[in-house]
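Student: Here's a structure for you.
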Amino acid sequence: MRLCPLGLCCSDFKDMKWEITLVILSGVFALLPVFCGLLVFRNAPQYIKVFYAFVCFTFLFDVLSTSMAFNGIHNEGMVKLYMLIEFGFFAWFLNWSIQHAMWPNWIILLMLSGAVLIWYLNIESASAFNYFVLYLLILTIVQSIWAFGFSSFLNSDMAFYQFITWVLIGRFVGNVLLLFAYGLSAKFYFGSKMPYIGYLRMVLNSSASIAINFIYALALLKILRFQKSK
Numbered sequence: 553m554r555l556c557p558l559g560l561c562c563s564d565f566k567d568m569k570w571e572i573t574l575v576i577l578s579g580v581f582a583l584l585p586v587f588c589g590l591l592v593f594r595n596a597p598q599y600i601k602v603f604y605a606f607v608c609f610t611f612l613f614d615v616l617s618t619s620m621a622f623n624g625i626h627n628e629g630m631v632k633l634y635m636l637i638e639f640g641f642f643a644w645f646l647n648w649s650i651q652h653a654m655w656p657n658w659i660i661l662l663m664l665s666g667a668v669l670i671w672y673l674n675i676e677s678a679s680a681f682n683y684f685v686l687y688l689l690i691l692t693i694v695q696s697i698w699a700f701g702f703s704s705f706l707n708s709d710m711a712f713y714q715f716i717t718w719v720l721i722g723r724f725v726g727n728v729l730l731l732f733a734y735g736l737s738a739k740f741y742f743g744s745k746m747p748y749i750g751y752l753r754m755v756l757n758s759s760a761s762i763a764i765n766f767i768y769a770l771a772l773l774k775i776l777r778f779q780k781s782k
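If you count the sequence shown from 1, you need to add 552 to reach this note's numbering.
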């Protein structure tokens, strides 16, 4: 179970063979935005420093979550907590960096309250599929699309606009892949007895991790290019 770029559910590590390669590859790509952020951090504007702090937080959270999975400890609670934090962070970060209220605070609180309620209602569920995950993935995709359209009309700062565009593309692509991955467990997508569903979910999880981190790194490198052009 990914959802923070490396995080996987301990059940995904049964009979590991080539799957471990995907996890390692995901880990390598998770380091990309951390490394690229170091290149731009010193002279970066405040929104880059705040974003980079969250990238570092995500990486550390990821390492902890994946370590739990490798040691056979269920990390679903950690993953769900990260999803709430990530959505809440971007809801605040987009409003703050764009300098306009993309969504009013009461709407954000309502969405997060809905996620907490779904988490509570599914707390005893042993199913691999969880409506909490699907709900927040859909919200994140909608948030990314909305912010992309919102920011395109409000900002004349080309460096910021290119940065935020790449960040939103990364979130959109990664979460679409995750939406499909976790939809595999829903009966209205596929039958619950679909063979090799666990392997396909792992591939999609790793692909989402790689896509998000690679595109985040590109977003930070765009800022580096602007710094060098000054």
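Every residue gets a Cβ at the ideal spot worked out from N, C-alpha and C, and that includes glycine.
(1) Which whole-angstrom value is the C-beta distance of alanine 760 and leucine 730, which I expect to be below 8 Å?
(2) Whole angstroms are fine: how far does the CA of leucine 590 sit from the CA of valine 668?
(3) Just the C-alpha distance for glycine 735 and glutamine 598, rounded to the nearest angstrom, thanks.
(4) Using only alpha-carbon positions, find the residue among Phe611, Tyr604, Ala605 that is nearest to valine 580.
(5) Comparing alpha-carbon positions, which option in Val602, Ile650, Tyr604, Ile693 lies nearest phenylalanine 639?
(6) Could you spell out the range, first to last residue, of the alpha helix (DSSP H) harbouring tryptophan 671?
(7) How is glycine 624 classed by DSSP in three states: helix, strand or coil?
(8) Quick one, which of Ile625, Ile600, Phe609, Met630 has its alpha-carbon nearest phenylalanine 645's?
(9) Assuming the contact rule is C-beta atoms closer than 8 Å, glycine 701 and alanine 763 should be a hit. Round their C-beta distance to whole Å, please.
(10) Using the C-alpha atoms, what's the distance from isoleucine 670 back to alanine 653?
(11) Out of Glu628, Trp655, Trp718, Asp709, point me to the one whose CA is closest to phenylalanine 684's CA.
(12) Can you tell me which of the three DSSP states leucine 643 falls into?
(13) Rounded to the nearest angstrom, what separates valine 602 and asparagine 623 at their Cα positions?
(14) Does the Cβ of glutamine 651 have 16 or more other Cβ atoms within 10 Å, making it buried, or fewer, making it exposed?
(15) Count the other CB atoms, across all protein chains shown, that sit within 10 Å of the CB of alanine 680; report buried if there are 16 or more and exposed otherwise.
(16) What residue range is occupied by the uninterrupted alpha helix (DSSP H) comprising glutamine 714?
(17) Buried or exposed: where does asparagine 765 fall if 16 or more other Cβ atoms within 10 Å of its Cβ makes it buried?
(18) Which of the three DSSP states, helix, strand or coil, is assigned to asparagine 765?
(19) Looking at the structure shown, is arginine 777 part of a helix, part of a strand, or coil, going by DSSP?
(20) List the whole-angstrom C-beta distance separating isoleucine 775 from valine 592, where the pair is believed to meet the contact cut-off of C-beta under 8 Å.
(21) Could you check what DSSP says for asparagine 595 in three-state terms: helix, strand or coil?
(22) Could you check whether serine 758 and leucine 720 sit closer than 8 Å to each other, using their CB atoms as the reference points?
(23) Please classify isoleucine 572: is it buried, with 16 or more other beta-carbons within 10 angstroms of its beta-carbon, or exposed?
(24) Near asparagine 647, what residues of its chain come up, given a Cβ to Cβ distance below 6 Å and the 5 sequence neighbours on each side ignored?
Tutor: Here's the rundown:
(1) Mapped onto the sequence shown, residue 760 falls at position 208. Mapped onto the sequence shown, residue 730 falls at position 178. With 8 Å as the limit, alanine 760 and leucine 730 qualify as a contact, their Cβ atoms being about 5 Å apart.
(2) Within the sequence shown, residue 668 is the residue found at index 116, counting from 1. Within the sequence shown, residue 590 is the residue found at index 38, counting from 1. Near 35 Å, if we compare the C-alpha coordinates of leucine 590 and valine 668.
(3) On the sequence shown, residue 735 is found 183 positions in, with the first residue counted as 1. On the sequence shown, residue 598 is found 46 positions in, with the first residue counted as 1. Straight-line measurement puts the Cα of glutamine 598 at about 37 Å from the Cα of glycine 735.
(4) Stepping through the sequence shown from its first residue, residue 580 is reached at position 28. Nearest option by C-alpha distance: Phe611.
(5) Taking the sequence shown and counting its residues from 1, the one referred to as residue 639 is at position 87. Nearest of Val602, Ile650, Tyr604, Ile693 to phenylalanine 639, Cα basis: Ile693.
(6) One-based indexing of the sequence shown puts residue 671 at position 119. Residue range 657-673 is occupied by the alpha helix (DSSP H) that includes tryptophan 671.
(7) As a working note, residue 624 is residue 72 in the sequence shown. Looking at glycine 624 - three-state DSSP - the assignment turns out to be coil, as it is neither helix nor strand.
(8) The residue you call residue 645 lines up with position 93 of the sequence shown. Measuring from the Cα of phenylalanine 645, the nearest candidate turns out to be Ile600.
(9) Sequence index remark: in the sequence shown, residue 701 carries index 149 (1-based). Sequence index remark: in the sequence shown, residue 763 carries index 211 (1-based). Wrong, their Cβ atoms sit about 21 Å apart, outside the cutoff.
(10) Taking the first residue of the sequence shown as position 1, residue 653 is located at position 101. Taking the first residue of the sequence shown as position 1, residue 670 is located at position 118. If you take the alpha carbons of alanine 653 and isoleucine 670, they lie about 26 Å apart.
(11) Here residue 684 refers to the residue found at position 132 of the sequence shown. If we check each option's Cα against that of phenylalanine 684, Glu628 comes out closest.
(12) One-based indexing of the sequence shown puts residue 643 at position 91. Strictly speaking, residue 643 in this sequence is alanine, with leucine absent from that position. Under the three-state reduction of DSSP, alanine 643 is assigned to helix.
(13) Locating residue 602 in the sequence shown gives position 50, counting from the first residue. Locating residue 623 in the sequence shown gives position 71, counting from the first residue. If I take the Cα positions, the gap works out to 32 Å.
(14) The residue given as residue 651 occupies position 99 in the sequence shown. Its Cβ having fewer than 16 others within 10 Å, glutamine 651 is exposed.
(15) For the purposes of this step, residue 680 is taken as the residue at position 128 of the sequence shown. Confidence at alanine 680 is low in this model, with a pLDDT of 44, below 50, so its placement is unreliable and the value that follows should be read with caution. With 16 or more Cβ atoms within 10 Å of its Cβ, alanine 680 is classed as buried.
(16) Stepping through the sequence shown from its first residue, residue 714 is reached at position 162. Unbroken alpha helix (DSSP H) run through glutamine 714: 710-735.
(17) Residue numbering aside, residue 765 sits at position 213 when the sequence shown is read from its first letter. Residue environment analysis places asparagine 765 among the buried positions, since at least 16 neighbouring C-beta atoms fall within 10 angstroms of its C-beta.
(18) Counted from its first residue, the sequence shown places residue 765 at position 213. Residue state, collapsed to three classes: helix.
(19) Here residue 777 corresponds to residue number 225 of the sequence shown, with the count starting at 1. In the structure shown, arginine 777 sits in a helix (DSSP, three-state: H, G or I).
(20) Position 223 of the sequence shown, counted from the first residue, corresponds to residue 775. Position 40 of the sequence shown, counted from the first residue, corresponds to residue 592. Valine 592 and isoleucine 775 do touch by the CB rule: their CB atoms are close to 5 Å apart, below 8 Å.
(21) Against the sequence shown, residue 595 aligns to sequence position 43. Three-state result, asparagine 595: coil.
(22) Position 168 of the sequence shown, counting from 1, holds the residue named residue 720. Position 206 of the sequence shown, counting from 1, holds the residue named residue 758. No, Cβ-Cβ distance for leucine 720 and serine 758 is not below 8 Å.
(23) Position 20 of the sequence shown, counted from the start, is the residue given in the question as residue 572. By the neighbour-count rule (16 or more Cβ atoms within 10 Å), isoleucine 572 is not buried but exposed.
(24) On the sequence shown, residue 647 is found 95 positions in, with the first residue counted as 1. Cβ neighbours of asparagine 647 beyond the five flanking positions: Ala653, Met654.
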